[in-house]
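Asker: Throughout the sequence shown, residue numbering follows the numbering used here, covering 66 to 391 in sequence.
I'd like to ask you about the structure that follows.
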Amino acid sequence: MAKKTSDFTIREKDLAIALEITPERLDEIIDFFDSDPNDQWDLKENDHFIYINKTWKERLFSYQGAFAIAKYMDTIEQKTIWERIVEFVTKHKEKIRNAFVRQKVLDNCYSLTLRNNRHFLSKKDVVNILCTSYARLNQAFDNIKKTDPMILGKDFDDIEGVRYYSLSGLYKLCKELGTNLKNKDRQEWCLAVEIVGKKTFKVLIDEEASKNKKIQAAKDAAKKRDKNCCQITGIKPKKHNKFNVVAHHIFSQERYPHLAASIDNLITLREEVHKEFHTWNGGSDKPCTIDDLIRFVSELYCDEEKYPDRDQLSIKLNQIKTSVKP
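Right under this line is the structure:
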């Protein structure tokens, strides 16, 4: 039965470089393997390699295939390359594992939260990234208590009843599991999470900071465009009527992140009106759209005597509905 294709990850050109031979010489060696079915040298399709282009006989090799060719060269050609190919395969495995670790982090970082100048991940995401169980993670937490106890607020915290671990807490768990797990592959995975995770989380955090700067710049520009005037009430802060104005995302930032830094998706509101809208809409955690804002204005700010610019506002909101596409 054919092996899964993920077992075959070594390209011919990379194998040739590792063996310090030309691609043409590698072809000759492969042809030799195929020339005598009765000798001890054998390369089997689906065990040692698979074809990615059968017409051109382009192959992807498994680790076993790479070792088979290296063994032949060590034995027949008296070339001492065994240690070199072992090192190549080891590094190749490490690159693949690190790529999987990186993807695992990216797939399980949605809970990443900034709290007291530290970034925290939910326990669920930590369990998924480390590919472990809740029970084993709890055991690791208890083991760490004996040597280097985690500090509340620094290495872990409970946010709205949910356990979170900071990145420093995550890396402590990586070290404990990387040292004490029985399975070597699992140990290496957890140790790789610390190494790869530091780079990956830095990229994520830097991108988030850059995105937040762009969003803040768009909010400042929107308030300047609207002359710091609440677009629903038509009122500006004055000496004897002071209030804060905020830039409101018409299409909510969480549901429509691609519009978060667009000035066209922002409208200036009095802070009290902004809070009133989100309460009316079911809470600040609920997604919102231009249709929600139009209904809100129609239901709560429909008095034309009190809000004489009501018609202008309706036209503006409908223009936004036409021009801003989620």
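All C-beta atoms, glycine included, are put in the ideal place defined by N, C-alpha and C.
1) Quick one: Cα of Glu273 to Cα of Cys294, how far?
2) Is it buried or exposed for Lys239, if we count other Cβ within 10 angstroms and need 16 for buried?
3) If I measure Cβ to Cβ from Asp376 and keep anything under 8 Å in the same chain, skipping five residues before and after, which residues do I get?
4) Would you kindly check if the distance between the Cβ of Leu331 and the Cβ of Ile315 is under 8 Å?
5) Would you call Ile216 buried or exposed, if buried means 16 or more other Cβ atoms sit within 10 Å of its Cβ?
6) Report yes if the CB atom of Arg149 is closer than 8 Å to the CB atom of Ala83, and no otherwise.
7) If you pair each beta-carbon of the segment 153-169 with each one of the segment 243-262, do three or more pairs fall below 8 Å?
8) Quick one: grab the DSSP three-state call for Ala326.
9) May I ask you to report which of helix, strand or coil DSSP gives Asp107?
10) Take Ile115 and list the residues in its own chain whose beta-carbon comes closer than 6 Å to its own, dropping the five residues that flank it on each side.
11) Using the three-state DSSP reduction, which class does Tyr116 fall into: helix, strand or coil?
12) Who pairs with Arg228 in a beta bridge, going by DSSP?
13) If you follow the beta strand (DSSP E) that Ser275 is in, where does it begin and where does it stop?
14) Return the Cβ separation of Gly218 and Asn245 in integer angstroms, given the expectation that the two are a contact with Cβ distance under 8 Å.
15) Quick one: what does DSSP say Phe126 is sitting in, helix, strand or coil?
16) When DSSP labels each residue in this structure, what does Leu212 get in the three-state scheme?
17) In angstroms, rounded to a whole number, what distance separates the CA positions of Ile117 and Glu152?
18) Going along the chain, which residues of its own chain have a beta-carbon closer than 6 Å to the beta-carbon of Tyr236, five neighbours each way excluded?
19) So does the segment 277-297 actually touch the segment 186-201, counting three or more Cβ pairs closer than 8 Å?
20) Applying the criterion that 16 or more other CB atoms from any shown protein chain within 10 Å of the CB defines a buried residue, is Val227 buried or exposed?
21) On the premise that Ser231 lies in contact with Tyr183, defined as a C-beta separation below 8 Å, what is that separation, rounded to the nearest angstrom?
22) On a CA-only basis, which of Ser100, Glu123, Ala131 is nearest Asp112? Give me that one, please.
23) From the DSSP output, in three-state form, read off His311 for me.
24) Let me know the secondary structure DSSP gives Thr178 once reduced to three states.
25) Can you tell me which of the three DSSP states Ser233 falls into?
26) What residue from Trp121, Asp172, Asp329 has the CA that sits closest to Lys289's CA?
27) Secondary structure at Ile297, three-state DSSP: helix, strand or coil?
Answerer: The answer reads as follows:
1) Approximately 29 Å between the Cα atoms of the pair.
2) Note that residue 239 is Cys in the sequence shown here, rather than Lys. Its Cβ being crowded by 16 or more others within 10 Å, Cys239 is buried.
3) Same-chain partners within the cutoff: Glu369.
4) Going by C-beta atoms, Ile315 is nearer than 8 Å to Leu331.
5) The residue is exposed, with fewer than 16 neighbouring Cβ atoms inside 10 Å.
6) A contact, by the Cβ cut-off of 8 Å.
7) With three or more CB-CB distances shorter than 8 Å, the segment 153-169 counts as touching the segment 243-262.
8) DSSP places Ala326 in coil when its eight states are reduced to three.
9) Reduced to three states, the DSSP call for Asp107 is coil.
10) Residues of the same chain with a CB within less than 6 Å of the CB of Ile115, apart from the 5 flanking positions on each side, are Phe73, Leu125 in chain order.
11) DSSP places Tyr116 in strand when its eight states are reduced to three.
12) Per DSSP, the beta-bridge partners of Arg228 are Asp223.
13) Secondary structure note for Ser275: it is in no beta strand (DSSP E), and the uninterrupted alpha helix (DSSP H) holding it is 249-290.
14) Contact doesn't hold; Cβ gap of about 26 Å is too wide.
15) Looking at Phe126 - three-state DSSP - the assignment turns out to be strand.
16) Per the sequence presented here, residue 212 reads as Thr, with Leu not at that position. Annotated three-state conformation of Thr212 is coil, per DSSP.
17) In this structure, the CA atom of Ile117 is about 25 Å from the CA atom of Glu152.
18) If we look at Tyr236 and ignore the five residues flanking it on each side, its Cβ neighbours are Glu259.
19) The segment 277-297, when compared against the segment 186-201, does not touch it at the 8 Å Cβ threshold.
20) By the neighbour-count rule (16 or more Cβ atoms within 10 Å), Val227 is not buried but exposed.
21) First, the amino acid is wrong: residue 183 is Arg here, not Tyr. Between Arg183 and Ser231 a beta carbon distance of about 5 Å is seen, short of the 8 Å cut, so the two are scored as contacting.
22) Nearest C-alpha to Asp112: Ala131.
23) The sequence shown places Val at residue 311, rather than the His named in the question. In the structure shown, Val311 sits in a strand (DSSP, three-state: E or B).
24) DSSP, read as helix, strand or coil, puts Thr178 in strand.
25) Three-state DSSP puts Ser233 in a helix.
26) If we check each option's Cα against that of Lys289, Asp329 comes out closest.
27) Here DSSP, grouped into helix, strand and coil, assigns Ile297 to coil.
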